[in-house]
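Worksheet for the structure shown next.
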Amino acid sequence: MITPLLPTYRRMPISFERGSGTSLFDADGKEYLDFYSGIGVNALGHAHPALVKAVQEQAEKIWHVSNLFEILGQQHMAERLVAETFADTVFFSNSGAESIELAIKMVRKYHFDKGNKGKFRIVTFASAFHGRTLAGIAAAGQEKLIYGFDPLPDGFDVVPFCDLDAVRAAITPETGGIMVEPVQGEGGIRPIPLETLQALRAIADEHGLLLVFDEIQCGMGRTGKLFAFEWADITPDIVACAKGIGGGFPIGAVLATEDAASGMTAGTHGTTYGGNPLAMAVGNAVLDVMLAPGFMDKVVNIAELLRGRLEGLRQRHPSWIKQVRGKGLMLGLQMPAVEPRLAVPDLVARGLVAAPAGDSVLRFLPPLIIDEGDVDKAITILDEALTDWSENGAPSA
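Below, the structure is given as structure tokens:
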């Protein structure tokens with residue numbers, strides 16, 4: 576018999592009652608170190624004072640109005656993102672999936688308006704994750720995502736991860752864009768080499784294609800810059816983001832150049848809730864913190880410390896940890912000797928919240944505000960768990 580709540584998740588039997596900073600607390604008061612931050616959403620941790628204040632103050636004014644009216648907080652946040660990035664314009668949505676949908680529409684409309692109606696296909700990469708909509712799962716092309724949902728929308732050509740020759744071979748007169756995550760998240764915490772990102776920019780320019788970056792998980796300070804593509808010193812045409820941009824509040828956004836967005840005129844796209852006053856109050860508060868002098872430097876420094884400590888853990892437990900990979904505070908332990916989906920409940924029981932990614936990776940997306948004490952605590956829990964597994968066997972179903 577089906578449950579009242581649609582059973583699309585295998586939920587652990589734990590309910591968190593509150594959070595503070597980098598900690599979560601269950602109903603019994605047990606404390607957990609949150610190194611997953613709700614899939615990278617709680618970028619500033621739990622109950623951050625600036626975000627709480629923003630919500631409280633805005634909630635007493637107005638929560639929602641239609642986008643048929645001006646929303647000053649939305650205008651302000653768009654201006655700030657434009658000033659800090661490559662973009663000339665921004666559209667606010669509610670989620671990453673919605674942002675990807677607009678990015679896809681933007682690519683198609685761009686070429687349509689230039690008289691190239693047949694240029695609608697987008698080249699994507701194996702193991703990618705672009706959301707759960709039909710277009711999103713079609714773009715990723717993973718069997719586990721698309722099984723049972725045929726027929727899928729046409730228009731996506733999936734090539735092997737980081738295979739530039741395959742990218743070139745996939746380009747036809749119907750190709751309109753290339754879409755890539757600078758760091759794959761669900762695919763196993765796999766950064767795209769900077770030279771590969773630069774090559775994709777060159778290929779897009781050569782063929783008159785739009786280059787789209789999916790920064791839903793790797794953006795908003797996660798790698799130590801506002802967006803991960805910045806490390807490659809290139810300019811995209813479109814960037815889709817979400818998760819950390821709202822610090823826990825549902826916000827998505829698409830950033831684009833004027834040229835890439837030229838076809839998106841009045842009536843071509845819309846949203847009911849996206850960019851409402853309450854969301855924008857939180858979003859602007861997130862930017863206040865992230866754009867403050869020194870914030871990104873702290874992220875880079877603590878990320879280097881965490882990675883170094885994880886490398887030390889790998890050296891102590893080589894039979895369990897094959898590789899430490901990732902960028903910034905988006906890190907993973909490749910652990911082929913244990914199923915991460917089975918290891919995660921054991922770690923949570925020990926007080927460390929993490930998650931699986933790909934087929935053999937234990938994923939860490941801690942709040943960007945973690946400190947050395949948090950790193951010490953996480954490493955201690957992991958070290959004790961790995962030692963225990965060596966003596967008593969890995970967690971099993």
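Numbering (the working numbering), first residue to last: 576 to 972.
The beta carbon of each residue, even a glycine, is placed where N, CA and C say it ideally should be.
Remember, predicted model here, so these are calculated numbers, not experimental data.
- Relative to alanine 745, the option among Phe731, Pro757, Glu756 whose CA is nearest is Phe731.
- Rounded to the nearest whole angstrom, the CA to CA distance from glycine 850 to arginine 925 is 39 Å.
- DSSP, read as helix, strand or coil, puts aspartate 963 in helix.
- Taking C-beta atoms under 8 Å as the contact rule, phenylalanine 724 and alanine 715 fail to qualify, at a distance of about 12 Å.
- Where isoleucine 697 is concerned, the enclosing beta strand (DSSP E) starts and stops at 696-700.
- Straight through space, the alpha carbons of glutamate 673 and isoleucine 791 are spaced by roughly 11 Å.
- When secondary structure is reduced to three states using DSSP, histidine 892 falls in the coil class, being assigned neither helix nor strand.
- Cα atoms of alanine 629 and proline 825: separation of roughly 15 Å, rounded to the nearest angstrom.
- In terms of Cβ geometry, serine 670 and glycine 845 do not form a close pair [threshold 8 Å].
- If you draw a straight line from the Cα of threonine 955 to the Cα of leucine 608, it comes to about 12 Å.
- Histidine 621 is not a Cβ neighbour of glycine 604, given a cutoff of 8 Å.
- If you draw a straight line from the Cα of leucine 677 to the Cα of valine 829, it is about 7 Å long.
- Methionine 652 sits in a helix when the DSSP states are folded into three classes.
- When secondary structure is reduced to three states using DSSP, phenylalanine 610 falls in the coil class, being assigned neither helix nor strand.
- Look at the beta carbons and you see the region 632-650 not touching the region 795-809: under three pairs across the two are nearer than 8 Å.
- Nearest to lysine 818 by alpha-carbon distance, out of Arg797, Ser837, Glu833, is Arg797.
- DSSP places isoleucine 813 outside any alpha helix (DSSP H); the residue lies instead in the beta strand (DSSP E), whose first and last residues are 813-816.
- In the pairwise beta carbon analysis, the region 917-933 is classified as touching the region 749-765: at least three pairs are separated by under 8 Å.
- Leucine 739 is not a Cβ neighbour of threonine 708, given a cutoff of 8 Å.
- The alpha-carbon separation between isoleucine 637 and phenylalanine 870 amounts to approximately 30 Å.
- Around the C-beta of lysine 719, fewer than 16 other C-beta atoms lie within 10 Å, and the residue is accordingly described as exposed.
- In its chain, beyond the 5 residues on either side, Leu626, Gly822, Val861, Val864, Pro942, Leu943, Ile944 have a beta carbon closer than 7 Å to the beta carbon of leucine 619.
- Here the C-alpha atom of glutamine 909 lies approximately 8 Å from the C-alpha atom of tryptophan 895.
- Boundaries for serine 935: no alpha helix (DSSP H) harbours it, and the DSSP string shows neither H nor E there.
- Annotation for leucine 917: the continuous alpha helix (DSSP H) segment containing it runs 915-925.
- Here threonine 832 carries a coil assignment [DSSP, helix/strand/coil].
- Leucine 785 is positioned such that its CB atom lies closer than 8 Å to that of alanine 779.
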